[in-house]
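One rule links them: number in the numbering used here = place in the sequence shown (from 1) + 1315.
In this text, a Cβ means the ideal position worked out from N, Cα and C, and glycines have one as well.
Heads up, the thing below is written out as structure tokens.
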Amino acid sequence: MADNNIKAHILGYPRMGEKRELKFALESFWRGELSPESLQQTAKALRLHHWEKQQSAGLDFITSNDFSLYDHVLDHTVLLGAQPKRFDKLPFGSKSNSAESQYFALARGNIEQPAMEMTKWLDTNYHYIVPELNADTEFSINAHDFLLQLDEAQKISKHVKPVLLGPVSFLYLSKAKGVHKLDLLYKLAQQYLYLLQELHARKIEWLQIDEPIFALDLNEEWLKAFKTVYAWFRISRPKLLLTTYFANVSRYQHVILDLPIDGVHLDLVRAPEQLLPWVNAMPAHWVLSAGVIDGRNIWRNDLDKTLKLLKVPTQRLKGRLWLAPSCSLLHTPVALSHELKMDPEIKSWLAFADEKLDDLRILTQALNEGEASVAVELAAARAAIASRYQSPRVHAPKVKARLASINTLNENRHSAFEYRQSQQKTRLNLPLLPTTTIGSFPQTADIRAARAEFKKGAMSLEQYALDMKSHIAHSIQQQEEIGLDVLVHGEAERNDMVEFFGEQLAGYAFTQQGWVQSYGSRCVKPPIIFGDVDRPEPMTVSTAQYAQSLSTKPVKGMLTGPITMLQWSFVRDDQPRETTALQLALAIRDEVDDLQNAGISVIQIDEPALREGLPLQKAAWPHYLNWAVRAFKLSASVARDDTQIHSHMRYAEFNDILPAIASMDADVITIETSRSAMELLDAFGEFSYPNEIGPGVYDIHSPRVPSVEAIEKLVQRAAEVIPVERLWINPDCGLKTRGWDETKSALKNMVQVAIKMRVAYSLP
Ligand code: GLN
């Protein structure tokens, strides 16, 4: 069979290392225990290792300059010489002025300057450092580190494809003050031009230029910016592969096709339907990079299905077809080989970054040399996929039947809010401006040590349970002393608010080394939802009952909501996310019911991740909000009128989804905002939120103890936009990262404010 000459490559590889080597090196560098040279040594070794993996998977290129010590967008800020001027001065008395320390100061701040801002990279859980631009911003290329990494790569391969974040996305994703972003385009593009010429001089054939903002809703001005800037790139330069991901970009096809580039990458996992429209429209000299392997999830590729999808483009494009994962593999864990405890059947369904390289190799070989040349591999994949699609561990008829009859359940609370409010008032007998906390109390070294012992098998379940009980008793006693009105048990027994529940639900699996970079050295280990979710037995009832038995005040039952469970897990791809969300909702609903039957009068269902789930494109928002709100309501609506449902949320912005939040119909919402409390309240002033609400008045992310005056000012301000009868007083988030001393002082101040203001409001 003739070789179709189809090529394979990746858009980027995870940086942390199989055992998070980069994390540990970074953190010991920050503690002053590792020299800059040793840190760079670790980084270099990781890069080489990642390239070797790409070579041994037979990829046609190795991808360079995807590595970063902290964040690739920050690296571009430095590469383009756009560090904010406020960092120019070295901190007073600073001895450590290595280039590395200066770089990390941008991301982490120093004694004189707060860090640059950080935000989520599109709809992922990866956070980038936001370029900080203003009218004074000058760009000046500083390619030393970039070229050093390129040299390393060119030493081991003749086929190196470096990656750059494109200029339009760089500007779009930045934060600009006092200047219109696009007014900086020309100056910025100049720097790209220097670099493109240098890459050409180094005989780089292809450059991958990422323009991820094509996944967003762009106006004409930004679309025009693409035309303008890429027209400037008509110089001696490498060929340009423009990469898009996380969305169907067909609506911008007319713009992209007009650019003087040499190929385009498409995310065919998120949007396989865009393949043929692009194949049909491709200019004769362009390559099409087909992103057919999921870079955002951990499932093994259905190779047969992918080969079928690629049939037409293979015939039509031959050597102009490239295969790749849908996006950078940054968003997946590194290697399945470290999962020694995982159930082998479940493991056979998965592919982390290294297994995805393998899938890529098999697909490419199948297309180039015929399927017979990889018959064994294809058969193995087929067997794994068949087992996954049919396994009784994935498909629980009981859960499916329940979901099918979901319409017979009440999805709304029995009575309207006003009536529930009066019922709850009678039952709970709370003062005006009730005080509460969000759930967790400090996770002390004691608590963590006990959990580690228990996990290692060095502590018995009985002993561990006793230990946790004593921490719960301690936190109840502290809250009584502080004088809070609605107590919590403190969540000592929870390592993580998703993992704790996932471990008790059917359909969830956990990894040992499935880490994914969240920001800088910080990684998360999302659990895997592989099957129908079911709650075999109560998860929190005995703990809640125990905590309640220690106090005459109400103690909140504490649950994680269905959308947050979904959002912070790897989710199955064989059914719509919405179906999985509803299964989770039913499990939480059962728990709510069991809690109220056990006498718990207040139940909090946390949904901090609700906003994160919003689709990238506005047109898709209503559908998402519809099922997300439905899932929350399904979990809460089993509550009787006199059971008070709280929810905790976290937002960067509120105004745009306030109606959806209101329609969740929680009796009380407590809120953290990453912006100022003031901005938050403005939003609530404009949209009169109908139920009760507790805007966070104590910023728990700072070790500072807020004064009575500071808290009072915030509560007074809140009382101007929210009627006091519906106002609660609480911190903005859980307290697990804080110490007991500061926590107690802060909460005492908070309670004092409540007492003071109650007097003020009850005066005639
Ligand atoms: N109950 C959780 C806690 O206090 C809520 C945290 C959150 O929603 N982010 O830790």
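Counting C-beta atoms within 10 angstroms of its own C-beta, F1541 has 16 or more neighbours from the protein chains shown and is therefore classed as buried. Ranking A1562, A1599, P1575 by CA distance to the CA of D1609 puts A1562 first. A distance of 8 Å or more separates the beta carbons of F1548 and K1502. Judged by their CB atoms, H1600 and P1553 are not nearer to each other than the 8 Å cut-off. The C-beta distance from L1395 to Q1506 rounds to 5 Å, short enough to fall under 8 Å. Here S1785 is not near H1804, since their CB atoms are 8 Å or more apart. For L1781, no beta strand (DSSP E) encloses it; the enclosing alpha helix (DSSP H) starts and ends at 1776 to 1797. Just measuring C-alpha positions, the residue of W1664, A1650, A1639 sitting nearest L1678 is A1639.
Taking V1483 as reference, the option from L1748, Y1545, Q1512 with the minimal CA-CA separation is Y1545. For the pair of segments examined, the region 2059 to 2071 was found to touch the region 2021 to 2030: the number of CB pairs separated by less than 8 Å reaches three. Every residue whose beta carbon comes nearer than 5 Å to a heavy atom of the ligand GLN appears here in chain order: I1753, G1754, S1755, D1921, P1923, H1963, G2049. Boundaries for E1447: no alpha helix (DSSP H) harbours it, while the beta strand (DSSP E) harbouring it runs 1447 to 1449, taken from the DSSP string. Around the beta carbon of P1923, 16 or more other beta carbons sit within 10 angstroms, so the residue counts as buried. With a cut-off of 8 Å on Cβ pairs, the region 1939 to 1950 is in contact with the region 1894 to 1910, counting three or more such pairs. Beta-bridge partners assigned by DSSP to C1838: Q1832. Closest in C-alpha terms to A1668, from the list Q1890, V1689, L1645, A1934, comes L1645.
Counting every other CB atom within 10 Å of its CB across the protein chains shown gives I2070 a total below 16, marking it as exposed. The Cβ atoms of L1618 and L1672 do not sit closer than 8 Å to each other. Under the Cβ criterion (8 Å, minimum of three pairs), the region 1863 to 1883 does not count as touching the region 1358 to 1365. In this structure, the beta-carbon distance from Q1589 to V1564 falls below 8 Å.
Bounds of the beta strand (DSSP E) holding W1521 are 1521 to 1525.
At a Cβ-Cβ threshold of 8 Å, A1951 and I1920 count as neighbours. Y1418: not part of any beta strand (DSSP E); member of the alpha helix (DSSP H) spanning 1414 to 1423, first to last residue. Note that the C-beta distance between D1908 and R1735 is not below 8 Å.
With a threshold of 16 other beta carbon atoms within 10 Å, I1426 falls short and is exposed. Three or more beta-carbon pairs drawn from the region 1440 to 1453 and the region 1378 to 1394 are found closer than 8 Å, and the two stretches are therefore classed as touching.
Within the same chain, V2020 come within 8 Å of S2060 by CB-CB distance, once the 5 residues on both sides are set aside. Contact check for T1647 against V1831 passes: the beta carbons are separated by less than 8 Å. By the neighbour-count criterion, in which 16 or more other beta carbons inside 10 Å mark a residue as buried, S1416 falls on the buried side. The Cβ atoms of P2005 and F1732 sit closer than 8 Å to each other. Inter-residue distance for A1491 and T2052 is about 32 Å (C-alpha atoms, whole angstroms).
In this structure, T1559 keeps its C-beta atom at 8 Å or more from the C-beta atom of L1326. Rounded to whole angstroms, W1345 and A2034 show a C-alpha spacing of 43 Å. Here V1494 has N1449, A1450 as same chain residues with Cβ atoms under 6 Å from its own Cβ, once five neighbours each way along the sequence are excluded.
In this structure, the CA atom of A1687 is about 22 Å from the CA atom of R1631. Straight across, the Cα-Cα distance linking A1690 with R1697 is about 10 Å.
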